[in-house]
């Protein structure tokens, strides 16, 4: 089960790049969590340590090649620098980002140690008492993405640059996906590129890439674990064996600490594959030998889960137990389900999870919380009003894109057709496809919120799977290959059309930067000459760190009347201010 050197592999550089980038994110979290235990807060040293650990991992998986390690590290740091630069030039406009994720990232950078001190205590003791009105979930929810962001914040002193983790994970998962696909020898290089892009570029990933939302990072951890489990299923003694276990360890440690629901997602995925492996061996070896065959595998999963709870989870599960007497800070599955239901429009509230998902899939894209009547539509159709809603980072109704119902039907249709029609598929391959379809249906039935785009990114695994099967059939010149080429083309065109609204929004956000930056610069000049009182709209506490980054601290937090104020900052959800003298 040991991995061989990837030194001789044609795609080794791109795989090493993926390893380096995902390792930087992982070690930013892992190292910071360990340092927190020793009362050491986040500084720029955390980034240096994360990079050094990632270089060591890259060196190992390069087969001990100094040349490959250096090239990979240099290119990786360049990708990180570009990601920081891009994020730096877009102000986060999202609710989750400004309401609490940016604020928590800011406090972590300014010295908050969440293991030993609550969010509120630190804010008050550091003259940020305006944060004390935030809800308790600001303190008790998982903090992995904010800890990673704070590490980048510490080296840039720019809170917007710190949200680069989604960009970095997109680049990393593209590289890993490409390398593992190419290793199967099923697809040509350009087909591997297209399938890998489809896996990481979709409406939610584009919409959240310039915000502090972390659902895409969560989805990518699930996808990383899925890739590794698939490899171990088909190539259990392959050369990427150890690397696959490393990816599973990373996905569990990061994933467990992004959202409360992630342990359930990962449990369903890992336990299903693990059960399938046991089923295959039971038929050959019997129960006793099968147990000893998988004993080390079982121990590995236990260690990974324990690490996710007690090391990288120390700032969530352990700190919640210390501060609030419960590892989940009082949250529960029922409470989360109720919260999600409460945020759904009235037309969806009384439905079962599965019916809610189906109605969402075949509805017009919409985020109107007061919607009282379903707005169903035919696949391939779209309405002009959907385009604006599709650009949001957390769309509640049909948020997978304006054409995704058609994409999903084509994908599921061909996967089912391939299972029936293609007799040359191995029995194991067919069984895994069937298991994945069952996992999806079961998950939709029992996990709340999978009608909501940001919670159900597994949907985009289906067009990727369909493209892989289509390209494989075309390459092998199987029956109806010309028809399959046509459907592959249709699927690719629909996938491109599906992300156009989000690309348009991304361009618009870059254009807004100069306007907002000028506003803040002018406000800085005002605070240097006058006493100023400020107040934010809609609990957008995180935007005060944009002011701190510009050295704007000469103001007091008060009760500014939006109808009668001197001015306002940002293009929405404003910070209002009054000149007091």
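Numbering (the numbering used here), first residue to last: -4 to 576.
Beta carbons are placed, not taken as given, at the ideal position from N, Cα and C, and that holds for glycine.
Sorted by chain position, which residues of the same chain lie with C-beta nearer than 6 Å to residue i's C-beta, five sequence neighbours on each side aside?
i, result
"residue 577", "The displayed coordinates of the chain run from -4 to 576. Any statement about residue 577 would go beyond what the structure contains."
"residue 169", "191 and 195"
"residue 393", "355, 358 and 360"
"residue 536", "98 and 126"
"residue 378", "359"
"residue 550", "522, 527 and 529"
"residue 571", "530, 555, 557, 560 and 563"
"residue 91", "208"
"residue 400", "356, 357 and 374"
Is it buried or exposed for residue i, if we count other Cβ within 10 angstroms and need 16 for buried?
i, result
"residue 210", "buried"
"residue 214", "buried"
"residue 265", "buried"
"residue 301", "exposed"
"residue 133", "buried"
"residue 405", "buried"
"residue 51", "exposed"
"residue 488", "exposed"
"residue 16", "buried"
"residue 367", "exposed"
"residue 447", "buried"
"residue 509", "exposed"
"residue 384", "buried"
"residue 513", "exposed"
"residue 387", "buried"
"residue 249", "buried"
"residue 440", "exposed"
"residue 315", "buried"
"residue 69", "exposed"
"residue 321", "exposed"
Helix, strand or coil: which one does DSSP assign to residue i?
i, result
"residue 446", "coil"
"residue 37", "coil"
"residue 624", "Only positions -4 to 576 of the chain appear in the structure, and residue 624 is not among them; the question remains open."
"residue 438", "helix"
"residue 417", "coil"
"residue 355", "helix"
"residue 565", "coil"
"residue 298", "helix"
"residue 372", "coil"
"residue 474", "coil"
"residue 146", "helix"
"residue 527", "strand"
"residue 177", "helix"
"residue 196", "coil"
"residue 552", "strand"
"residue 573", "strand"
"residue 232", "coil"
Grab me the residues of residue i's own chain with a C-beta within less than 7 Å of its C-beta, minus the 5 sequence neighbours each way, in chain order.
i, result
"residue 511", "86, 565 and 566"
"residue 574", "521, 525, 527 and 561"
"residue 212", "140, 160, 161, 164 and 253"
"residue -2", "Note that residue -2 scores 37 on pLDDT, short of 50, meaning its location in the model is unreliable and no value can be drawn from it."
"residue 407", "457"
"residue 554", "530"
"residue 259", "442"
"residue 186", "466"
Candidates the options: which alpha carbon is nearest residue i's?
i, options, result
"residue 339", "321, 313, 320 and 389", "389"
"residue 9", "57, 529 and 240", "57"
"residue 199", "562, 453 and 528", "453"
"residue 149", "544, 561 and 182", "544"
"residue 155", "204, 318 and 377", "204"
"residue 294", "184, 108, 160 and 240", "240"
"residue 93", "206, 163, 524 and 7", "206"
"residue 391", "402, 157, 364 and 114", "364"
"residue 470", "353, 407, 14 and 181", "181"
"residue 83", "278, 124, 151 and 436", "151"
"residue 465", "445, 202 and 411", "411"
"residue 473", "413, 323 and 111", "413"
"residue 226", "176, 208 and 110", "176"
"residue 461", "478, 482, 477 and 451", "482"
"residue 262", "427, 438, 38 and 74", "438"
"residue 518", "542, 507 and 499", "542"
If you drop the 5 nearest sequence neighbours on each side, which residues of the same chain put their C-beta closer than 8 Å to that of residue i?
i, result
"residue 540", "97, 98, 100, 101 and 154"
"residue 588", "For the chain, the structure presents residues -4 to 576; residue 588 sits outside this window and is missing."
"residue 323", "135, 255, 312 and 315"
Determine, for residue i, whether the minimum Cβ-Cβ distance to residues of chain B falls below 7 Å.
i, result
"residue 396", "Here chain B cannot be found, since the structure has a single protein chain."
Exercise. Which residue spans inside the stretch 234 to 266 form an unbroken alpha helix (DSSP H) run of at least 4?
Worked result: Runs found: 236 to 250.
For this session: Scan the stretch 76 to 111 and note each continuous alpha helix (DSSP H) run of 4 residues or more that stays entirely inside, going in chain order.
Result: Entirely contained in the stretch 76 to 111, the alpha helix (DSSP H) runs reaching 4 residues are, in chain order, 97 to 104.
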